[in-house]
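A.B. asks: A single structure is presented below for examination.
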Amino acid sequence: MIEKSLKLIITFPTTTAAIAMEKICLSNKLPGRLIPLPREIDSSCGMAWCAPPENRKELEQIAKEKEIKISGVYQLYF
Amino acid sequence: MIYLDNAATTLHKPRQVIEAVVEAMSTLGNSSRGLSSCSLKASRTLYETRVKISELFGCPRADNVIFLQNSTEALNTAINGTVFSKDHVITTDLEHNSVLRPLYRLKKEKDVELSFVPADSKGNLSLESFEKLIKHNTKAIICNHASNLTGNIVDLSKISTIARRHGLIFIVDVSQTAGCIPLNMEEIGADIICFTGHKGLMGPQGTGGMCIREGIDIKPLKVGGTGVKSYSTDQPKEYPTRLEAGTLNSHGIAGLSAAIDFIQSTGINIISQKETRLMNIFYEGIKDIKGIEIYGDFSLLQRVAIVALNIHDYDSALVSDTLSEKYKIATRPGAHCAPRMHQALGTENRGAVRFSFSWFNSDEDVKRTIQAVKEIAL
Numbered sequence: 012m013i014e015k016s017l018k019l020i021i022t023f024p025t026t027t028a029a030i031a032m033e034k035i036c037l038s039n040k041l042p043g044r045l046i047p048l049p050r051e052i053d054s055s056c057g058m059a060w061c062a063p064p065e066n067r068k069e070l071e072q073i074a075k076e077k078e079i080k081i082s083g084v085y086q087l088y089f
Numbered sequence: 462m463i464y465l466d467n468a469a470t471t472l473h474k475p476r477q478v479i480e481a482v483v484e485a486m487s488t489l490g491n492s493s494r495g496l497s498s499c500s501l502k503a504s505r506t507l508y509e510t511r512v513k514i515s516e517l518f519g520c521p522r523a524d525n526v527i528f529l530q531n532s533t534e535a536l537n538t539a540i541n542g543t544v545f546s547k548d549h550v551i552t553t554d555l556e557h558n559s560v561l562r563p564l565y566r567l568k569k570e571k572d573v574e575l576s577f578v579p580a581d582s583k584g585n586l587s588l589e590s591f592e593k594l595i596k597h598n599t600k601a602i603i604c605n606h607a608s609n610l611t612g613n614i615v616d617l618s619k620i621s622t623i624a625r626r627h628g629l630i631f632i633v634d635v636s637q638t639a640g641c642i643p644l645n646m647e648e649i650g651a652d653i654i655c656f657t658g659h660k661g662l663m664g665p666q667g668t669g670g671m672c673i674r675e676g677i678d679i680k681p682l683k684v685g686g687t688g689v690k691s692y693s694t695d696q697p698k699e700y701p702t703r704l705e706a707g708t709l710n711s712h713g714i715a716g717l718s719a720a721i722d723f724i725q726s727t728g729i730n731i732i733s734q735k736e737t738r739l740m741n742i743f744y745e746g747i748k749d750i751k752g753i754e755i756y757g758d759f760s761l762l763q764r765v766a767i768v769a770l771n772i773h774d775y776d777s778a779l780v781s782d783t784l785s786e787k788y789k790i791a792t793r794p795g796a797h798c799a800p801r802m803h804q805a806l807g808t809e810n811r812g813a814v815r816f817s818f819s820w821f822n823s824d825e826d827v828k829r830t831i832q833a834v835k836e837i838a839l
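In order, the protein sequence lines correspond to chains A and B.
Mapped onto my numbering, the consecutive letters of the first sequence carry residue numbers 12 to 89.
Mapped onto my numbering, the consecutive letters of the second sequence carry residue numbers 462 to 839.
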């Protein structure tokens, strides 16, 4: 059985942007990790940044600062 | 980590492949550019690899083996080089986007007509449908040898008979079968086969190409430097140069050459038997677990070593992520670049989790993966 919990999911238009997000988050000690793109968001393939919902503001802020293109920001059980 | 995403790329390569690439990177010059010993060494490496590939796939001439980056580049070259404005093409629900997208673009930009042979709920094609779809302007049939989602292998000999009878070009995508099962382009009746080097062939990424039957004319997708006939304004007409503009990946091809040596010395039947055995152990170990839905036809005599499934109503991304994070098992969720196959199976909204096995997997890998799937399904 898989236990789901509420997550913040940030999606990107390209894999390049997703990897850039991972690099920025790691170097700034921000939480999260890359996951496969949940089908609830998009049935296409791809990857997304998954983090605790309480970190939403700082993650959106750093993506904006570093000019990382984001497709969407979601909260869902994953 | 247990690596079960070999249908995407084989992670574990024979040691000789890695050594061959390293050796090539310090010894090979640019093939067909001058006659220095290092340039000649590159030319000889490419030639020897063409010979090995022609023997492996039953290609009648080594110079009809074309080196390209991968199956996608080969398929783009084959499709755009044989299908022209207002032609009609028959293809299938089993195809990867490497076939579908070039065709959709031709439809949009060149008024090319497309017909699709549908797959049933087990992922099998109705072979009788091919002939019924033929029209006055049909130019080619393009068909996958095996689905990268279900692992079902298509009986190509029946399709090639139809193609021959109607004078159609028969292009086959062998991305999932090359290196995994014995494959002879004469026996299957293909005019062009498109292969990649980094999956079942266990070579480096960035290697692949096509084998072309004699008499098949393909207009080049790329033109440019070839090292020969430099004052001509046209691309040389002869294969392989006709389709190989620019410096080739001779370092990678040296690795591919070593990979083919490994396959030939091991025996492709031995490789096929092992991969099939691992797939069957996995299939038998999970098929009766409550909540598991498996896709594809496991009654087929021959398949490639792929098992695609879903567990309960879980998102395939969540299952694959759990397998990776909790059990250190690498799989592939989602759509697998096979949109029509998912639509035929009714999985377009949820995708599927694909487990694909290779020569380098073990019985213990399979045993641990069965246990992981059982725990997730509990």
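Beta carbons: idealized from backbone N, C-alpha and C, even for Gly.
1) Looking at the C-beta of Pro563(B), does it have a partner C-beta in chain A at a distance below 8 Å?
2) With a threshold of 6 Å on Cβ separation, who are the neighbours of Glu647(B) within its own chain once the five nearest residues in sequence on each side are excluded?
3) Please specify which runs of the beta strand (DSSP E), each continuous and at least 3 residues long, are wholly inside the segment 470-523 of chain B, giving them in chain order.
4) Would you say Phe89(A) faces chain B, with C-beta separation under 8 Å as the test?
5) At the 8 Å Cβ level, is Ile767(B) part of the contact set with chain A, yes or no?
6) Going by other Cβ atoms of all chains shown within 10 Å of its Cβ, with 16 needed for buried, is Leu70(A) buried or exposed?
7) Find the nearest neighbour of Arg522(B) within the set Arg511(B), Ser621(B), Ile732(B), Gly640(B), judged by alpha-carbon distance.
8) Run through DSSP, which three-state label would Val635(B) get?
9) Counting only beta-carbon separations shorter than 8 Å, does Cys3(A) have a partner in chain B?
10) Rounded to a whole number of angstroms, what is the C-alpha to C-alpha distance between Pro800(B) and Glu556(B)?
11) List the residues that DSSP assigns as beta-bridge partners of Thr22(A).
12) Please check if any C-beta of chain A sits within less than 8 Å of the C-beta of Arg811(B).
13) At least one CB of chain A closer than 8 Å to the CB of Asp774(B): is that the case?
14) Taking Cβ positions only, does Thr471(B) come closer than 8 Å to chain A?
15) Do the segment 738-757 of chain B and the segment 685-703 of chain B make contact, defined as three or more Cβ pairs closer than 8 Å?
16) On a CA-only basis, which of Pro63(A), Leu17(A), Asn39(A), Ile52(A) is nearest Ala74(A)? Give me that one, please.
17) What are the complete alpha helix (DSSP H) segments, minimum 4 residues, inside the segment 550-628 of chain B?
18) What does the alpha-carbon distance come out to for the pair Val478(B) and Arg505(B)?
19) List the residues of chain A whose Cβ lies closer than 9 Å to the Cβ of Asp722(B), in chain order.
20) Please report how far the alpha carbon of Phe818(B) lies from the alpha carbon of Leu496(B), in whole angstroms.
21) For Phe631(B) and Ile463(B), I'd like the C-alpha separation in whole angstroms.
22) Give me the subset of the segment 789-820 of chain B whose CB atoms are less than 8 Å from a CB atom of chain A, sorted by chain position.
23) Taking 8 Å as the threshold (C-beta atoms), are Leu507(B) and Cys499(B) in contact?
24) Contact criterion: CB-CB distance below 8 Å. Does Ser55(A) meet it with respect to chain B?
25) Based on the DSSP secondary-structure assignment, which residues constitute the bridge partners of Asp776(B)?
26) State the start and end residues of the unbroken beta strand (DSSP E) segment that holds Thr538(B).
27) Please report how far the alpha carbon of Thr657(B) lies from the alpha carbon of Glu65(A), in whole angstroms.
28) Report the rounded CA-to-CA distance for Asn525(B) versus Asn771(B), giving the unit in angstroms.
29) Any heavy atom of the ligand ATP closer than 7 Å to the CB of Thr552(B)?
30) Just to confirm before moving on: does the CB-CB distance between Leu17(A) and Tyr88(A) stay below 8 Å?
31) Do Ser636(B) and Pro47(A) come within 8 Å of each other at the CB atom, strictly closer than that value?
32) Can you tell me which of Tyr85(A), Ile81(A), Glu14(A) puts its alpha carbon nearest to the alpha carbon of Ile30(A)?
33) How is the beta strand (DSSP E) around Ser817(B) delimited, first residue to last?
34) Taking the alpha-carbon of Glu736(B) as reference, which of Gly612(B), His549(B), Lys583(B) has the nearest alpha-carbon?
35) So for Pro681(B), helix, strand or coil by DSSP?
36) By the three-class DSSP mapping on this structure, what secondary structure does Phe528(B) have?
C.D. replies: Short version:
1) no
2) Gly519
3) none
4) yes
5) no
6) buried
7) Arg511(B)
8) coil
9) With chain A represented from 12 up to 89, any question about residue 3(A) goes unanswered, as that position is not in the structure.
10) 8 Å
11) Ala59(A), Gly83(A)
12) yes
13) no
14) no
15) no
16) Asn39(A)
17) 558-571, 590-593, 617-626
18) 17 Å
19) By Cβ distance, chain A contributes nothing, its closest Cβ being about 34 Å from Asp722(B), past 9 Å.
20) 43 Å
21) 38 Å
22) Pro794, Gly795, Ala796, His797, Cys798, Glu809, Asn810, Arg811, Gly812
23) no
24) yes
25) Answer is none; Asp776(B) lacks a bridge partner.
26) Careful: Thr538(B) lies outside any beta strand (DSSP E), inside the alpha helix (DSSP H) at 532-543.
27) 45 Å
28) 42 Å
29) Within the structure as shown, the ligand ATP is missing, as the structure has no ligands at all.
30) yes
31) no
32) Ile81(A)
33) 814-817
34) Gly612(B)
35) coil
36) strand
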